[in-house]
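For reference, the structure discussed in these notes is given below.
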Amino acid sequence: MWLQQRLKGLPGLLSSSWARRLLCLLGLLLLLLWFGSSGARRAAGGLRLPSWSRSEPGAAEPSACLEAATRAWRGLRDRGEAVPLGPGVPALVANGFLALDVASNRLWVTPGEREPAVAPDFVPFVQLRPLNVLAEAGEAVLLLREGLLRRVRCLQLGTPGSGPAAGVGGPASASGLSAGSGRDCVLLQEDFLAHRGRPHVYLQRIQLSNPTERVAALQTVGPTAGPPAKSFTSTLEKVGDHQFLLSSGHSSVSPSGPVHLVVVASKKLVNRLQVAPKTQLDETVLWVVHVSGPIHPQVLKSKGTKELKALQDLARKEMLELLEMPASELLQDHQHLWAQLFSPGVEMKKITDAHTPSGLTVNLTLYYMLSCSPAPLLSPSLSHRERDQMEATLNYEDHCFSGHATMHAENLWPGQLSSVQQILQLADLWKLTLQKRGCKGLVKVGAPGILQGMVLSFGGLQFTENHLQFQADPEVLHNSYALRGIRYKNDHINLAVLVDAEGKPYLHVSVESRGQPVKIYACEAGCLHDPVELTSEPGGHTFSVMVTQPITPLLYISTDLTHLQDLRHTLHLKAILAHDEHMAQQDPGLPFLFWFSVASLITLFHLFLFKLIYNEYCGPGAKPLFRSKACGSATSGIWLQRRSPYEATFQGETPTALSLAELFSASPGPRTTGSSDYQPICDQGVRVALPLPS
1 MWLQQRLKGL PGLLSSSWAR RLLCLLGLLL LLLWFGSSGA RRAAGGLRLP
51 SWSRSEPGAA EPSACLEAAT RAWRGLRDRG EAVPLGPGVP ALVANGFLAL
101 DVASNRLWVT PGEREPAVAP DFVPFVQLRP LNVLAEAGEA VLLLREGLLR
151 RVRCLQLGTP GSGPAAGVGG PASASGLSAG SGRDCVLLQE DFLAHRGRPH
201 VYLQRIQLSN PTERVAALQT VGPTAGPPAK SFTSTLEKVG DHQFLLSSGH
251 SSVSPSGPVH LVVVASKKLV NRLQVAPKTQ LDETVLWVVH VSGPIHPQVL
301 KSKGTKELKA LQDLARKEML ELLEMPASEL LQDHQHLWAQ LFSPGVEMKK
351 ITDAHTPSGL TVNLTLYYML SCSPAPLLSP SLSHRERDQM EATLNYEDHC
401 FSGHATMHAE NLWPGQLSSV QQILQLADLW KLTLQKRGCK GLVKVGAPGI
451 LQGMVLSFGG LQFTENHLQF QADPEVLHNS YALRGIRYKN DHINLAVLVD
501 AEGKPYLHVS VESRGQPVKI YACEAGCLHD PVELTSEPGG HTFSVMVTQP
551 ITPLLYISTD LTHLQDLRHT LHLKAILAHD EHMAQQDPGL PFLFWFSVAS
601 LITLFHLFLF KLIYNEYCGP GAKPLFRSKA CGSATSGIWL QRRSPYEATF
651 QGETPTALSL AELFSASPGP RTTGSSDYQP ICDQGVRVAL PLPS
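Just so we're aligned: the sequence shown equals residues 1 to 694 in full-length UniProt numbering.
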């Protein structure tokens, strides 16, 4: 019955305009879905889901393929070891001599230690342009622990003639595969790095995985035998089974500035990369860059030819040496050296104020400064004497770092960097700061020394003649952080500032032995207690934070036990307080504005209350505080007797000034003694009585 009634009402429902519009819209959507899946119906003879909805290998949409390829980056990002590229994160890879911006494909070369970087008119990297691509998704990340930039691209191949370069013939366009397999994704991964152990070398590794049923093709733009840059001339060199390009040029010429000759040797790459179905490609492109010293433009022609030939010989010799080596060995060597350099560092655990840099800011700054600093200690041509001298400077640099900590220096730990030029300027600022704070020896050592100085400066650590002291400001210890890999003698010291459950800071110190064991001792501020020997136990050692008056370092570390025992007698302290007691004395309480606001609110409240009381008893229409004496006599006055709800008679004198309405509206007074039928009413000294309510 219910269904029959609904069916009878259906024609009336369809007669409305909004119902017809809704049906038309639904029909249009179904029609669009039908045409969109027509290719799949033709391939399989029926309606099928798009290929990226299937769970078959390689049948993923580019976004899903990218999600799977970059899933391993999540853990690295959480640990602060990987930083996605974006605004404020320049795509820089460098080694102190070469600096390369992967995003803008530019090259900077630093001719000397105190000379500014020059930017020759040379395209440093190979650009890969995939052919016959329907869709593409990509992401890039800086791997801080590996010292390289990794870019991943997922390519969704189309049918022949559908890509941007469909007019180019070849095997890729002649495969003739169906549209279903053409939508499978090809994974392209590129690694960009400037070799840490070879300052003149940088490379680009290309890995292409093709799980599809068709040939994947990519057009290359870069170090080919094509037209070179305007200021460079390129020749093809063939030595035995190897061939490479040798490009010669110079930096930009200015009327007043010097000119630098630049020679680049690069491995020759074919114009087109093709990967067969179900196969992979792994290709590494190498570059060797040599640059001359400054040459005045007026003598460029006379001295340039000889200088250019010497640079070409150096580049040719090094390129032939690299071509004899496996590319995987070069990559492993770079990653091993970079991991050694980046072992010291700063780890931010808890930040409670806005002026303290985040862990991402600290790690990025350390990475960029390492990238922009040379590492002569890693050079194989370094003599044993020079190596021992640099190692001794790293293990103990007297009076470094002097002054207050740089933790809150926003110009040294910037939250955002917009360009490679800004990074190069930041590197110069860091070197100048370290040199002026007693760390000249560390700056001369290069990248490991600069990193050591940055870690020392962050927490306020300073080497003195006999000990290492931690002189952080007691008022900033509510931030939790760790300084790891501090080189002291032949060991590495890890120092952490932590906060317990009650919010009280304490120090945690651990030692990593790297050679012959050496006894190291430590004591807190004032050395009031006997020094404690630091061992390599996993649990480490904890020290309470004590603050002295006047302020002295919070912790002393030394290999000389007698020195620490004698130190307590030479400090001449006024008092030694716990950290919470010191902060209680320093804290002036709540600000004056708070107390002024509270006092103002209390005063206004009392004024408002006084106004209410005044209006109630002293203002217009106020009620009398006491009852009139005319109500005190029970025998005098006027009595009103009500015989009915509408009748009333007066007994005694009839009032002339008080009307009947005023009598009835007057407030009732107390009941009169001895009268059960009358209620006295007092108003203006007149006494009346009304019957009591039943």
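By construction, the Cβ of each residue, glycine as well, lies at the ideal position given by its N, Cα and C atoms.
Per DSSP, the continuous beta strand (DSSP E) segment holding I206 begins and ends at V201 to N210.
Contact between L554 and Q471 holds, since their C-beta atoms are separated by about 7 Å, short of 8 Å. Between the beta-carbon of Y368 and that of I295 there is about 30 Å, and that puts the pair past the 8 Å contact cut. For the set Q219, A265 and P297, the Cα lying nearest the Cα of L236 is the one of A265. Residue state for E321 is assigned as helix, using DSSP reduced to three classes.
Ranked by Cα distance from H334, the options V445, E146, A599 and L155 are led by E146. For the set S402, C372 and G197, the Cα lying nearest the Cα of S379 is the one of G197. In this chain, Q462 is not harboured by any alpha helix (DSSP H); it is covered by the beta strand (DSSP E) spanning L461 to F463.
For T542, the uninterrupted beta strand (DSSP E) run begins and ends at H541 to S544, by DSSP. In the DSSP assignment, D282 is bridged to Q207. Three or more Cβ pairs closer than 8 Å define a contact, and the stretch 504-515 meets that threshold against the stretch 475-490. L394 sits in a helix when the DSSP states are folded into three classes. Bridge pairing for N494: S510 [DSSP]. In the structure shown, W413 falls within a coil segment according to DSSP collapsed to helix, strand and coil. DSSP places K489 outside both helix and strand once states are collapsed to three, so it counts as coil. Shown here for L382: same chain residues with a beta carbon closer than 7 Å to its own, the five before and five after excluded, namely P376 in chain order. In this model, L76 and L331 are separated by some 20 Å (Cα to Cα). As DSSP reads the structure, K303 sits in no beta bridge.
By the 16-neighbour rule on beta-carbons within 10 angstroms, Y617 is exposed. Closest in alpha carbon position to G485, among V289, M348, S343 and K306, is S343. Put simply, the backbone Cα of W430 is about 8 Å away from that of I450.
Between the alpha carbons of H606 and P505 lies a distance of about 45 Å. When only Cα atoms are considered, V275 and E190 end up about 15 Å apart. Secondary structure at T570: coil, using DSSP grouped into helix, strand and coil.
Annotation: T552 to K303 spans about 60 Å, alpha carbon to alpha carbon. If the five residues before and after C523 are omitted, its C-beta is found closer than 6 Å to the C-beta atoms of P531, Y556 and L564, all from its own chain and listed in chain order.
Contact between L434 and V346 does not hold, since their C-beta atoms are separated by about 15 Å, which reaches or exceeds 8 Å. For R151, the enclosing beta strand (DSSP E) has its first and last residue at L148 to L157.
Three or more Cβ pairs closer than 8 Å define a contact, and the stretch 314-321 falls short of that threshold against the stretch 451-459.
Contact annotation: S234 and L245 have beta-carbon atoms nearer than 8 Å. Between the alpha carbons of Y614 and L601 lies a distance of about 20 Å.
Within 10 angstroms of the beta-carbon of N411 lie fewer than 16 other beta-carbons, which makes it exposed. Ranked by how close their Cα comes to the Cα of Y481, the residues V118, Q156, A140 and M407 have M407 in first place. For the pair V102 and L92, the Cα-to-Cα distance works out to about 6 Å. Taking a 10 Å sphere around the C-beta of C24, we find fewer than 16 other C-beta atoms and assign the residue as exposed.
With contacts defined as CB atoms closer than 8 Å, E465 and D398 qualify as a contacting pair.
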